[in-house]
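Residue numbers (my numbering), protein chains in the order written: chain A, 88 to 332; chain B, 2 to 255.
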Amino acid sequence: MTAKIEIRDLSKHFGDLKAVDGISFAVEQGEVLGFLGPNGAGKSTTMKMVTGFLPPTAGAISVCGHDMLADPLPAKRLIGYLPEGAPAYPDMTPAEFLDFVAGARGFRGAARQACVDQAVDRVNLDEVLHQRIETLSKGFKRRVGLAQAILHDPPVLILDEPTDGLDPNQKHEVRELIRGMAAGKVIILSTHILEEVAAVCTRAIIIDRGHVVLDETPAALAARGRLDDVFREVTSRDTRAGASA
Amino acid sequence: MSTAPLATGFLSVTGVLFRRELKSYFATPVAFVFTFIFLFLAGIFTFYLGGFFERGQADLQPFFAYHPYLYLFLIPAIAMRLWSEERKSGTIELLLTLPVSMSAAVLGKFLAAWCFTAIVLACTFPIWITVNVLGSPDNGVIVASYLGSLLMAGTFLAIGACVSALTKNQVIAFVVSVVVCFLFIVAGLPVVLGFFEGWVSQDVLDIIAMSSFLTHYEALVRGVVDVRNVLYFLSLMAFWLVAGAVAIDTKKAA
Ligand SMILES: Nc1ncnc2c1ncn2[C@@H]1O[C@H](COP(=O)(O)OP(=O)(O)OP(=O)(O)O)[C@@H](O)[C@H]1O
Ligand SMILES: [Mg+2]
Numbered sequence: 088m089t090a091k092i093e094i095r096d097l098s099k100h101f102g103d104l105k106a107v108d109g110i111s112f113a114v115e116q117g118e119v120l121g122f123l124g125p126n127g128a129g130k131s132t133t134m135k136m137v138t139g140f141l142p143p144t145a146g147a148i149s150v151c152g153h154d155m156l157a158d159p160l161p162a163k164r165l166i167g168y169l170p171e172g173a174p175a176y177p178d179m180t181p182a183e184f185l186d187f188v189a190g191a192r193g194f195r196g197a198a199r200q201a202c203v204d205q206a207v208d209r210v211n212l213d214e215v216l217h218q219r220i221e222t223l224s225k226g227f228k229r230r231v232g233l234a235q236a237i238l239h240d241p242p243v244l245i246l247d248e249p250t251d252g253l254d255p256n257q258k259h260e261v262r263e264l265i266r267g268m269a270a271g272k273v274i275i276l277s278t279h280i281l282e283e284v285a286a287v288c289t290r291a292i293i294i295d296r297g298h299v300v301l302d303e304t305p306a307a308l309a310a311r312g313r314l315d316d317v318f319r320e321v322t323s324r325d326t327r328a329g330a331s332a
Numbered sequence: 002m003s004t005a006p007l008a009t010g011f012l013s014v015t016g017v018l019f020r021r022e023l024k025s026y027f028a029t030p031v032a033f034v035f036t037f038i039f040l041f042l043a044g045i046f047t048f049y050l051g052g053f054f055e056r057g058q059a060d061l062q063p064f065f066a067y068h069p070y071l072y073l074f075l076i077p078a079i080a081m082r083l084w085s086e087e088r089k090s091g092t093i094e095l096l097l098t099l100p101v102s103m104s105a106a107v108l109g110k111f112l113a114a115w116c117f118t119a120i121v122l123a124c125t126f127p128i129w130i131t132v133n134v135l136g137s138p139d140n141g142v143i144v145a146s147y148l149g150s151l152l153m154a155g156t157f158l159a160i161g162a163c164v165s166a167l168t169k170n171q172v173i174a175f176v177v178s179v180v181v182c183f184l185f186i187v188a189g190l191p192v193v194l195g196f197f198e199g200w201v202s203q204d205v206l207d208i209i210a211m212s213s214f215l216t217h218y219e220a221l222v223r224g225v226v227d228v229r230n231v232l233y234f235l236s237l238m239a240f241w242l243v244a245g246a247v248a249i250d251t252k253k254a255a
């Protein structure tokens with residue numbers, strides 16, 4: 088089975104606000120798709136729909152051939168998801184939390200321990216493994232969220248701002264991790280760090296007011312000029328005013 | 002990675018959620034504080050208000066008589082955090098994007114909370130021993146009373162869980178749950194029935210009295226384990242759990 092995500096005419100309206108307004112794209116195995124866009128552009132909302140948390144107002148989502156809307160559980164099994172802000176149960180330790188996620192994903196016994204150990208190892212969580220999550224620093228919380236997302240070695244990874252709050256060393260390590268996993272997976276990540284796109288992504292989509300305004304490779308993007316300038320040029324300043332208009 | 006088969010059955014997944022929830026009560030002082038307050042208040046009600054010793058009877062009538070009023074405040078305090086906390090902290094997004102069905106999530110959480118109240122209730126066993134030392138009570142009646150108490154606690158919890166799904170604010174969840182549970186209690190009181198008497202038909206009056214926790218609970222406490230009383234609580238629980246699931250589904254995004 089090759090990994091693949093297909094999204095067609097996806098929309099999400101909150102009352103009058105069209106947070107996501109007819110987005111379509113397909114991502115193939117091996118691609119690392121970077122989601123860019125101003126605050127409130129609809130990046131997180133799109134990810135919440137793709138992962139089956141939010142029901143879309145309209146549109147279709149297919150994850151490796153499984154329809155997320157009609158039959159969510161098989162699709163959810165194939166996805167690893169780091170939600171925005173990396174939420175986790177504050178009164179658990181990372182060890183307990185990862186054990187819980189592994190259990191909820193169906194791992195039992197030795198396999199359960201093995202996948203937790205592997206995830207802990209990949210994001211360097213050893214030193215805080217038995218400290219309550221509420222007392223962890225922001226960067227470690229993010230790493231717990233990442234570990235939770237990759238623990239079942241999913242064919243599809245959706246990461247909402249995975250490097251937000253990480254120190255430069257960790258940013259580097261997480262980018263290495265993503266690059267290392269990319270070959271066998273579909274990866275979608277969102278970021279506000281434009282250089283990150285050049286560093287890890289094979290393709291960039293810029294979203295503005297719920298629309299895709301640009302979809303090309305980082306190389307093509309770089310050819311247009313400085314990333315910051317391109318970003319400013321294709322996106323609007325006042326996202327909310329534009330979207331609800 | 003591993004090739005071991007995954008345990009993705011409904012019960013198996015519900016069990017994982019159940020264990021996480023139940024452990025969370027004991028990860029904080031909640032369990033200790035709650036158990037202490039429950040036992041303390043139950044003691045006061047039984048010995049001072051209920052006149053446990055003065056009555057000179059070997060039964061637990063005064064102990065069980067006050068449970069509806071204890072639960073009225075204590076159960077919403079447990080239930081208020083069930084979903085509002087998940088929504089507020091954003092962990093609901095994590096939970097509902099795991100391959101976990103809504104019914105497993107609702108049931109796992111509810112059963113953990115119910116199991117916790119059962120543990121607290123079990124901590125009152127010394128009083129059961131006491132009556133057996135002091136006299137010879139009808140232990141069958143006491144078992145039926147414990148059953149009634151547990152069923153009533155579960156119903157309060159199901160109501161509280163549903164209300165908790167409707168708001169991110171735990172204070173609001175608490176207050177609204179108390180009010181709803183209060184209505185279910187007082188529906189059977191003579192004052193309320195007297196208020197309706199005369200201007201509603203006898204059928205309506207019967208329905209109001211029938212819908213009260215008290216009517217069914219008191220029957221169980223008297224030792225009457227009628228299937229209808231048990232079914233009453235179980236079907237109310239089911240109703241509120243389903244309503245809770247619908248509430249989560251419609252409210253999770255907001
Ligand atoms: N539950 C909700 N109810 C109402 N509006 C919402 C809700 N969730 C998101 N929105 C709105 O939808 C729009 C898109 O939000 P979204 O979180 O997808 O933006 P984003 O691209 O992820 O932004 P950021 O870069 O700041 O994370 C915003 O205007 C936001 O206020
Ligand atoms: Mg976002």
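All C-beta atoms in this analysis are idealised placements derived from N, C-alpha and C, irrespective of residue type, glycine included.
Three-way DSSP call (helix, strand, coil) for residue i in this model
i, result
"B/Tyr67", "coil"
"B/Ser236", "helix"
"A/Leu76", "What is shown of chain A runs 88 to 332, which leaves residue 76 of chain A out entirely."
"A/Ala106", "strand"
"A/His279", "coil"
"B/Gly44", "helix"
"A/Ser111", "strand"
"B/Ala246", "helix"
"A/Lys91", "strand"
"B/Glu22", "helix"
"A/Val81", "There is simply no residue 81 of chain A to check, as chain A begins at 88 and stops at 332 in what is shown."
"B/Ser3", "Residue placement at B/Ser3 is poorly supported in this model, since its pLDDT is 46, which falls under 50; the coordinates still yield a value, given next. In the structure shown, B/Ser3 sits in coil (DSSP, three-state: anything other than H, G, I, E or B)."
"A/His298", "strand"
"A/Arg290", "strand"
"A/Ala335", "The structure shown does not extend to residue 335 of chain A, since chain A is modelled only from 88 through 332, so no value can be given for it."
"A/Asp316", "helix"
"A/Glu303", "strand"
"A/Gly329", "Any reading at A/Gly329 must be qualified, since the residue scores a pLDDT of 48, below 50, and its modelled position is unreliable; the value itself is stated next. Here A/Gly329 sits in helix by DSSP."
8 Å Cβ cutoff, residue i in contact with chain B
i, result
"A/Gly297", "no"
"A/Gly231", "Looking at the sequence itself, residue 231 of chain A is Val, so the reference to Gly does not match. For A/Val231, the answer is no, since every Cβ of chain B falls outside 8 Å of its Cβ."
"A/Thr77", "Any question about residue 77 of chain A goes unanswered here, given that chain A covers just 88 to 332."
"A/Asp178", "yes"
"A/Pro170", "yes"
"A/Thr138", "yes"
"A/Leu141", "yes"
"A/Leu104", "no"
"A/Leu160", "yes"
"A/Lys135", "yes"
"A/Pro174", "yes"
Same chain, Cβ closer than 6 Å to residue i, five either side skipped, listed in chain order
i, result
"B/Ser3", "The predicted position of B/Ser3 is uncertain, since its pLDDT is 46 and thus under 50; no value can be drawn from it."
"B/Tyr67", "Phe46"
"B/Pro63", "Thr47, Gly51, Phe53"
"A/Gly172", "none"
"A/Val119", "Ala269, Ile274, Val287, Cys288, Thr289"
"B/Ala113", "Phe19, Glu22, Leu23"
Supposed close pair residue i, residue j - CB separation, criterion 8 Å
i, j, result
"A/Ala145", "A/Gly232", "Actually they are not in contact, since the Cβ atoms of A/Ala145 and A/Gly232 sit about 30 Å apart, beyond 8 Å."
"A/Val215", "A/Pro181", "6 Å"
"B/Leu190", "B/Leu152", "That belief does not hold up - the Cβ atoms of B/Leu190 and B/Leu152 are roughly 20 Å apart, past 8 Å."
"A/Val321", "A/Leu308", "The Cβ separation is near 10 Å, so there is no contact."
"B/Ile249", "B/Ala166", "5 Å"
"A/Leu141", "B/Ala254", "5 Å"
"A/Met136", "A/Lys105", "Their Cβ separation, rounded to whole angstroms, is 13 Å, which puts A/Met136 and A/Lys105 out of contact at 8 Å."
"A/Leu165", "A/Val243", "5 Å"
"A/His298", "A/Asp108", "6 Å"
Any non-hydrogen atom of ligand 3 closer than 7 Å to residue i Cβ
i, result
"A/Glu171", "As far as ligands go, the structure on display features ligand 1 and ligand 2 and does not contain ligand 3."
Residues near residue i by beta carbon distance below 7 Å, same chain, minus five either side
i, result
"B/Lys89", "Lys169"
"B/Phe233", "The identity of residue 233 of chain B in the sequence shown is Tyr, whereas the question assumes Phe. The answer, listed in chain order, is His217."
"A/Lys130", "Phe122, Gly124, Ser277, Ile294"
"B/Ala119", "Leu151"
Residue-chain proximity (residue i, chain A), Cβ-Cβ < 8 Å
i, result
"B/Glu94", "yes"
"B/Gly195", "no"
"B/Arg21", "yes"
"B/Gly199", "no"
"B/Val107", "no"
"B/Ala32", "no"
"B/Ser165", "no"
Beta-carbon proximity list for residue i, same chain, < 8 Å, skipping 5 on both sides
i, result
"A/Pro159", "Gly139"
Closer than 7 Å at the beta carbon, the chain D residues around residue i
i, result
"A/Gly190", "This model lacks chain D altogether, as its protein chains are A and B."
Any alpha helix (DSSP H) of 4 or more consecutive residues that is wholly inside the region 131 to 216 of chain B: 140 to 167, 171 to 187, 191 to 197, 203 to 211
Beta strand (DSSP E) segments (min. 3 residues) lying fully within the region 166 to 236 of chain A: 166 to 169
Alpha helix (DSSP H) runs wholly inside the region 66 to 137 of chain B, at least 4 long, in chain order: 68 to 80, 82 to 90, 92 to 98, 103 to 123, 126 to 135
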